[in-house]
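Colleague: So that we are looking at the same thing, I have put the structure below in structure tokens.
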Amino acid sequence: MSKNGLQPRKLRGLTIRAFAASALVLGALGLAAAPAQAAGATGYGNGTVGVNQTITATEICPSAQLAFTATYSNGVTVSAPSVYADINGNATIYWAPTIVGQITQATIGSTCSPVYLGGAIISQTQTTTTVSTPNNAKVGQATKINVTVQSNSPSAYAPTGQVVVKDVNGATLQTMGLTPGSGNGQSYAYYWWTPATSGTFTFQATYSGDTNAATSVSPQDFISATPTGTPITLTHPTTMTTGIPQTLVATVYPTTVQGSAGFTLNGNPISASVPLVNGVATFQWTPTAAGAFTLGANYMTNQGGSGSTTDPITVASGPTSNDVITVTPAGGSTWSPNGTYVLGASSTTNFNVSTLSGAKVTLNDSGPCTSPGLAVVTPASTANCTLSFVSAGGNGYAPVTQTYNVTVGLGQQTATLAAPQSGKVNVGRTLILESPGQTDTNAGQNITWKVTTSKKICALGFPADGSVTVKIKKKGNCTVQGSAPAVPGVWAAYSVTRTYRGK
Numbered sequence: 171m172s173k174n175g176l177q178p179r180k181l182r183g184l185t186i187r188a189f190a191a192s193a194l195v196l197g198a199l200g201l202a203a204a205p206a207q208a209a210g211a212t213g214y215g216n217g218t219v220g221v222n223q224t225i226t227a228t229e230i231c232p233s234a235q236l237a238f239t240a241t242y243s244n245g246v247t248v249s250a251p252s253v254y255a256d257i258n259g260n261a262t263i264y265w266a267p268t269i270v271g272q273i274t275q276a277t278i279g280s281t282c283s284p285v286y287l288g289g290a291i292i293s294q295t296q297t298t299t300t301v302s303t304p305n306n307a308k309v310g311q312a313t314k315i316n317v318t319v320q321s322n323s324p325s326a327y328a329p330t331g332q333v334v335v336k337d338v339n340g341a342t343l344q345t346m347g348l349t350p351g352s353g354n355g356q357s358y359a360y361y362w363w364t365p366a367t368s369g370t371f372t373f374q375a376t377y378s379g380d381t382n383a384a385t386s387v388s389p390q391d392f393i394s395a396t397p398t399g400t401p402i403t404l405t406h407p408t409t410m411t412t413g414i415p416q417t418l419v420a421t422v423y424p425t426t427v428q429g430s431a432g433f434t435l436n437g438n439p440i441s442a443s444v445p446l447v448n449g450v451a452t453f454q455w456t457p458t459a460a461g462a463f464t465l466g467a468n469y470m471t472n473q474g475g476s477g478s479t480t481d482p483i484t485v486a487s488g489p490t491s492n493d494v495i496t497v498t499p500a501g502g503s504t505w506s507p508n509g510t511y512v513l514g515a516s517s518t519t520n521f522n523v524s525t526l527s528g529a530k531v532t533l534n535d536s537g538p539c540t541s542p543g544l545a546v547v548t549p550a551s552t553a554n555c556t557l558s559f560v561s562a563g564g565n566g567y568a569p570v571t572q573t574y575n576v577t578v579g580l581g582q583q584t585a586t587l588a589a590p591q592s593g594k595v596n597v598g599r600t601l602i603l604e605s606p607g608q609t610d611t612n613a614g615q616n617i618t619w620k621v622t623t624s625k626k627i628c629a630l631g632f633p634a635d636g637s638v639t640v641k642i643k644k645k646g647n648c649t650v651q652g653s654a655p656a657v658p659g660v661w662a663a664y665s666v667t668r669t670y671r672g673k
């Protein structure tokens, strides 16, 4: 045994192997001395939160585990999942920055010397906000309003913070916190909104941003709220009667839409196209057969939009009786059909009208009278007119027309006076009967004043400003009268009397 404890044979083997290795090195040097490639990495640099950087490490440690870390200027350290180098010391590291800031140094660590990559700037990810609603909603029924905030591709960062939903006038409807999605760079929020009335409603969402994600505002989205939750509604009696006309109404939302609507029975057309006016199409239809049917309405807009709706109806056989119209002039007594009534010339009379069927009533006239709505305007001279009140019937009642004869008499003049009502007045007081510049009667006639009893008690005055006054001089009764002449064949004479008692 030798001094170093090795057997001679083993020593000889080591010597031979060392000699062989030296010979290989010397041989290599004799051919050409190739310098070794330095360890390094590419693909690292400035970036965006949530966006992968593909870092390629070269010539580090063969088959070693590599760990990437980045240190920010505030001392925070972040890392990427570790990887193993191949037998040549090469590896691919995927790193997605998770926070905004300035990186002062990044390192790829290994069992051999680390690779230092230097500083970088990590920026916020830009975002896109959207608010999503159904096209239609039903009045009184909750509807889900969805908001999503998406980091712009290819960032996988899920934005945090709040979104605010506002209406078309900028009023806040809802403020909500975001919930992260499933790793796709998206966060979401939602709430339930219930429309109280029909109409078109506007929604817009604003994301307030966070440290790592920028703010963004969604495009506007719109909901059309209707009584049925569809863009077209059909209004009609649920029970009809053969032979009785019925009014069918189709309403399309929004009511500003332009186009036309049509009506169907069991899917078969019963009308031509009816133009929409303020979103409404009206058609009068008379059922011809009894039974259960499906009534429908469909529409087509000028922009190519379309839709339809259906409702079940029941049609009964034949009307039971004629409808009855009740006609009552405002402030007067109910008129009897075929009766003759007197209305003043140049007057407007409004009528309160009802029917047993509940149907809407229309008014037609013949002669010089005119009828705007359920009112009659008489001419300025005497005349005769015939008024016809018409009900389309329904709900088991047949249509009916009731007529009334009108004789236009002399118009009754009126005037707005400053004169106080009759009563007691202190002696020495002066009352204004007619104000300066006061209009005369509604027929344009001047009012003339006189004292009828007693001139010792009171006296008229005519100041320069054009007014008319009466002064109470003594105790006792004073009667004054204002009058205006008639307009032959048009207006009756006008007269007003006041009695004041001096005290």
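If you count the sequence shown from 1, position 457 lands on 627 in the working numbering, and the numbers rise without skipping. Note that the Cβ used here is the ideal one computed from N, Cα and C, for glycine as well.
Let me make sure I understand the geometry here. Which of Thr504, Ser233 and Gln272 has the alpha-carbon closest to that of valine 246?
Modeller: Closest by alpha carbon: Gln272.
Colleague: When you compare only the Cα positions, how much space is there between threonine 372 and proline 445?
Modeller: Cα to Cα, the separation comes out at about 27 Å.
Colleague: Specify the secondary structure class of alanine 198 as computed by DSSP and reduced to three states.
Modeller: Caution is warranted here: a pLDDT of 33 is assigned to alanine 198, below 50, making its placement in the model unreliable, and the coordinate value is therefore given only provisionally. Of the three classes helix, strand and coil, the one that applies to alanine 198 here is helix, per DSSP.
Colleague: For the beta strand (DSSP E) holding aspartate 493, just list the boundary residues, first then last.
Modeller: Careful: aspartate 493 lies outside any beta strand (DSSP E) and carries neither H nor E.
Colleague: Flag alanine 211 as yes when its Cβ comes closer than 7 Å to any non-hydrogen atom of the ligand MG, and as no otherwise.
Modeller: In the structure shown, the ligand MG is absent, as is every other ligand, since no ligand is present at all.
Colleague: Fully enclosed by the segment 602 to 627, which beta strand (DSSP E) runs are 3 residues long or longer?
Modeller: Whole beta strand (DSSP E) segments, 3+ residues: 618 to 623.
Colleague: Which whole-angstrom value describes the C-beta separation of proline 725 and methionine 410, a residue pair presumed to lie in contact below a C-beta threshold of 8 Å?
Modeller: Residue 725 is absent from the model: the chain starts at 171 and stops at 673.
Colleague: Going straight from the alpha carbon of threonine 408 to that of glutamine 416, what length do you get?
Modeller: Whole-angstrom Cα-Cα distance: 11 Å.
Colleague: Under DSSP, the beta strand (DSSP E) around serine 321 begins and ends at which residues?
Modeller: Unbroken beta strand (DSSP E) run through serine 321: 313 to 321.
Colleague: Between the alpha carbons of alanine 359 and threonine 370, how many angstroms are there, rounded?
Modeller: If I take the Cα positions, the gap works out to 23 Å.
Colleague: With a threshold of 16 other CB atoms inside 10 Å of the CB of lysine 336, please say whether the residue is buried or exposed.
Modeller: Buried, since its Cβ has 16 or more Cβ neighbours within 10 Å.
Colleague: On the CB-based measure, 16 or more other CB atoms within 10 Å of its CB, does phenylalanine 521 come out buried or exposed?
Modeller: Phenylalanine 521 comes out buried.
Colleague: When DSSP labels each residue in this structure, what does cysteine 648 get in the three-state scheme?
Modeller: Three-state result, cysteine 648: strand.
Colleague: Measure the beta-carbon distance from asparagine 660 to alanine 431 and round it to whole angstroms, keeping in mind my assumption that it falls under 8 Å.
Modeller: The displayed chain sequence assigns valine, not asparagine, to residue 660. Valine 660 to alanine 431, Cβ: 49 Å. No contact.
Colleague: By DSSP, does asparagine 306 sit in helix, in strand, or in coil?
Modeller: Three-state result, asparagine 306: strand.
Colleague: Starting from threonine 286, follow its DSSP beta bridges and name the residues at the other end.
Modeller: Sequence inspection shows tyrosine at residue 286; the threonine mentioned does not correspond to that position. In DSSP, tyrosine 286 forms a bridge with Thr277.
Colleague: Bridge partners for phenylalanine 371 per DSSP, in chain order?
Modeller: DSSP output for phenylalanine 371 lists Ile393 as bridge partner(s).
Colleague: Near glycine 200, which residues of its chain fall below 8 Å by C-beta distance, leaving aside the five closest residues on each side in sequence?
Modeller: Residue placement at glycine 200 is flagged as unreliable, the pLDDT there being 34, under the threshold of 50; the coordinate-derived value follows with that caveat. Around glycine 200: no qualifying Cβ.
Colleague: Please name the residue, chosen from Thr611, Gly593 and Phe632, that lies closest to alanine 678 on a Cα-to-Cα basis.
Modeller: It is not possible to answer for residue 678, since the shown part of the chain is limited to 171 through 673.
Colleague: Check each candidate in Leu580, Thr318 and Thr297 and name the one with the smallest Cα separation from asparagine 382.
Modeller: For the residues Leu580, Thr318 and Thr297, the minimum Cα distance to asparagine 382 belongs to Thr297.
Colleague: Just to confirm, is the Cβ distance from serine 503 to threonine 548 under 8 Å?
Modeller: No. Outside cutoff.
Colleague: Please say whether glutamine 311 and alanine 328 have beta carbons closer to each other than 8 Å?
Modeller: Cβ distance not < 8 Å, so alanine 328 and glutamine 311 don't count as in contact.
Colleague: In chain order, what residues of the same chain lie with their CB nearer than 8 Å to the CB of glutamine 207, ignoring the 5 residues before and after it?
Modeller: In this prediction, glutamine 207 scores a pLDDT of 41, lower than 50, which makes its location untrustworthy; the coordinate-derived value is nonetheless stated afterwards. Excluding residues within five positions, the ones whose Cβ falls inside 8 Å are Thr228 and Glu229.
Colleague: What are the start and end residues of the beta strand (DSSP E) that includes tryptophan 661?
Modeller: Here tryptophan 661 belongs to no beta strand (DSSP E), and DSSP marks it neither H nor E.
Colleague: May I have the straight-line CA-CA distance separating alanine 462 from proline 569, to the nearest angstrom?
Modeller: About 22 Å.
Colleague: Roughly how many angstroms lie between the CA atoms of tyrosine 574 and proline 507, to the nearest whole one?
Modeller: Using only the alpha carbons, I get a separation of about 6 Å.
Colleague: Would you mind working out which of Thr299, Gly614 and Thr385 sits nearest glutamine 374, comparing C-alpha positions?
Modeller: For glutamine 374, the nearest C-alpha among the options comes from Thr299.
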